[in-house]
Amino acid sequence: MGEEPSTAMSEVLPLEPKEDSRFGFRLSESIIHAIDRQIVSSGLRLIMFLPAFAAITYFSSWAFSQTSPLFWEDNIEPNIGMGFSTFTASLSFVVLLGYILAVGFHRYRVSISLATFHHMVEQSNIDHRSVQSLQGYDGLLYQLETSMSHHTKSLFLACCSALMLIGVLWNGTSTEFGQLFLLASSSFLVLSVGQHLPTRSTPFNMVEQTGLLAAYTPPVHPSTLNMVFNDLIKTHMDPLLRSQYDEYTKELEQGFKRGINRHFAHEKFLMTLYRHATGLDRKTLESEMGEILKKNGMEFVFNHEVFTLEAWLVLIGLINQRCPAFFRMVDRLKQDLESGREPAMKDLIFEVDMENVVTDKANLFTLFHNLSNKTRTVVFRVQTPNFEPKDLALTYRLEPGETYWWSDEALPLAAEGNEDVLGKMSGLLKDSTVSWQTLIPTTNGDATVSVRLEETNGELLLGRQINVRVRAEFRQWLRTTGSYVAYLFGGFGLVSSVIFMIIQIFDTAV
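Reminder that position 428 of the sequence shown reads as 427 in numbering that gives the first Met the number 0, one-by-one numbering, no gaps.
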């Protein structure tokens, strides 16, 4: 997958006289991104390790500013003519230079990715695929530019820390001014780390086709999914990828076999990809795809330069992480079909699910499918004391399905035709009504959500109670808390050093 993104970029950027220079630019970005991912921001994580090591050397320089340890004073100081405190301060300066290089390198990589993003947006406008008008573009652009701003501030504060450390070495670690400069230097370093921490929650790059997904959060989503898998996937795609997906689906439809319902083909295509992501082997994948795609359609899917199988795995994995309730609901239906289990109501399929652990917001998914041959109207009611809205009632008009998408007999996962789990599930999702509601938690701890399916006259058809736990996401909480703590202690230390330095200057003058 490492070499595919640069190839995928060539599809988006048309061939022009300056293609060689742009290709070199993209190649340099892929190399820089690889170094950044393996050494700087991830992997070895020098951007986090170096400040942690510098904290030890800073403390050592302050603790031994008056007298050196005996082992140093007796054995090393006579040979090099340098006290332990001065040595650790010098070591801090070297480590700090390494940190500045790491932050500068990471910022350079981010600036290249941001420039590539703007270039691809401009190119999409030239190709009459306006990305800027798509939902979520403004929020994504703000997120990317905010991340760039954080990196710039982090680099500036790190350079200020190095300048203060020069003041320490100039005045000597044992002097009052030297110790105040040391306090100012450590405060600037803490503030620099505080600027970097928030960016770790939303990393992005333009080397991989899915590189923007982690930084993109859908601002809104449809409350009722018409083409279930398709709508769910498009909601979580960043605007740039979504514009390419629209072109992809248009070409994909040309590869569908004649006589196959377009909506059914889309749902089966995405359902099969999801099953491949959860363990379906390549041979069965190709067999199931061959039931809906012609030969040219198969070649288009498996040889596409942007939406490769690896890109689909990343995308589906991200959606599975963000909306586990939906896939858990789908898996329950799959298990019922595999075992030939009858639904709770003979003429209506009703499934509901929600995350067990809620952090920022809760996603409540509900599926209704009318198994009868008559139109039916039901009321779906949600009541909870721990979320907003506390009372929600939705009325759904359920039309009968075009085909009876259920089986009282056990079905194989994949077989020739649509009399298998993949075929039944695809048709079931096509003809079902799937509701997606967002609930905002008002309290932390244990929470309860009661759901009721009623007739229009208020008669209860089915009721369920969902128990969940509301808590902060640990990594996000740790980064946010760490950032605020860094701002607090760094700011306090910096202000204190300035005040004491002014007092020291006046005392010296007097």
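Idealized CB from N, CA, C, for every residue including glycine. Just so it is clear, the structure is predicted and the values come from calculations on it, not from any experiment.
On a Cα-Cα basis, can you pick out the residue from the options that is closest to residue i?
i	options	result
Val167	Arg106, Tyr244 and Trp61	Trp61
Arg380	Lys282, Asn466, Thr374 and Lys389	Lys389
Leu231	Thr115, Asn417 and Phe325	Phe325
Leu317	Phe116, Arg281, Thr209 and Leu45	Thr209
Gln262	Thr234, Asn225 and Glu246	The question names Gln, but residue 262 is His in the sequence shown. Ranking the options by Cα distance to His262, first place goes to Asn225.
Gln475	Asn456, Leu45, Leu211 and Pro202	Pro202
Phe386	Val450, Phe301 and Ile291	Val450
Phe488	Thr507, Leu190 and Arg340	Leu190
Lys373	Leu397, Ala361, Ser59 and Pro323	Leu397
Lys345	Phe187, Leu284, Leu427 and Asp407	Asp407
Leu393	Gln436, Asn443 and Met500	Gln436
Leu156	Tyr486, Met500 and Ile502	Tyr486
Thr479	Pro77, Ser200, Ala51 and Phe176	Ser200
Phe86	Glu453, Gly492 and Thr56	Thr56
Thr172	Gln243, Ser286 and Thr66	Thr66
Ser160	Phe176, Leu181 and Gln142	Leu181
Asn456	Gln320, Leu143, Arg128 and Val377	Val377
Leu292	Met147, Glu252, Phe491 and Ser496	Glu252
Leu162	Ser184, Thr145, Glu472 and Tyr141	Ser184
Lys429	Phe58, Arg331, Pro77 and Phe268	Phe268
Gln122	Ser242, Leu212, Arg36 and Arg340	Ser242
With a 10 Å radius around its C-beta and 16 neighbouring C-beta atoms as the bar for buried, classify residue i as buried or exposed.
i	result
Asp19	Any reading at Asp19 must be qualified, since the residue scores a pLDDT of 41, below 50, and its modelled position is unreliable; the value itself is stated next. The residue is exposed, with fewer than 16 neighbouring Cβ atoms inside 10 Å.
Glu28	buried
His235	buried
Ile504	exposed
Leu421	buried
Gln178	buried
Trp71	buried
Ile501	exposed
Gln511	The question about residue 511 has no answer here: the residues shown for the chain are numbered 0 through 509.
Ile79	exposed
Tyr215	buried
Ala51	exposed
His127	exposed
Val206	buried
For residue i, which residues in the same chain have their Cβ closer than 6 Å to its Cβ, ignoring the five residues on either side in sequence?
i	result
Ser482	Gly193, Leu196 and Pro197
Tyr273	Ile315
Phe24	With a pLDDT of 41 at Phe24, under the threshold of 50, the predicted position of this residue should be treated as unreliable, though the coordinate-derived value follows. Nothing listed; no residue qualifies.
Arg375	Asn369 and Leu397
From the DSSP output, read off the bridge partner residues of residue i.
i	result
Tyr215	Looking at the DSSP assignment, Tyr215 forms no beta bridge with any residue, so it has no partner.
Ser449	Gln382 and Gln464
Thr376	Arg396
Gly490	DSSP, once it has assigned bridges, lists no residue as partnering Gly490.
Ala361	Leu438
Glu387	Ile439
Glu350	Leu366
Suppose the cutoff is 7 Å on Cβ atoms and the five residues either side in sequence are ignored; what does the same chain contact list for residue i look like?
i	result
Pro238	Val130, Leu133, Gly135, Tyr136 and Leu139
Leu49	Val94, Gly97, Tyr98 and Ala101
Asp419	Leu410, Pro411, Leu412 and Ala413
Phe22	No answer about Phe22 holds up, because its pLDDT of 39 lies below 50 and its placement is not dependable.
Gly82	Ser67 and Glu76
With residue i and residue j assumed to form a contact (beta carbons below 8 Å), what rounded beta-carbon distance in angstroms separates them?
i	j	result
His117	His150	So it is not a contact: roughly 17 Å between Cβ atoms.
Leu164	Ser91	6 Å
Ser89	Ser64	In fact, because the Cβ distance is near 14 Å, the residues do not count as touching under 8 Å.
Asn353	Val219	Note on identity: in this sequence residue 353 is Met, with Asn being the wrong assignment. Between Val219 and Met353 the Cβ distance is about 19 Å, and since that is not below 8 Å, they are no contact.
Glu250	Thr271	That pair is no contact at about 18 Å.
Phe187	Leu493	7 Å
Pro342	Trp405	7 Å
Residues in its own chain within less than 8 Å of residue i by CB, not counting five upstream and five downstream?
i	result
Gly289	Met297
Arg468	Asn355, Val356, Val357, Gly444, Asp445 and Ala446
Trp441	As written in the sequence, residue 441 is Thr, which differs from the Trp given in the question. Contacts found: Asn385, Phe386 and Glu387.
Ile46	Val39, Ser40, Tyr98, Ala101, Val102, His105 and His195
Thr432	Thr223, Leu366, Phe367, His368, Tyr395 and Leu397
Leu459	Arg451, Leu452 and Glu453
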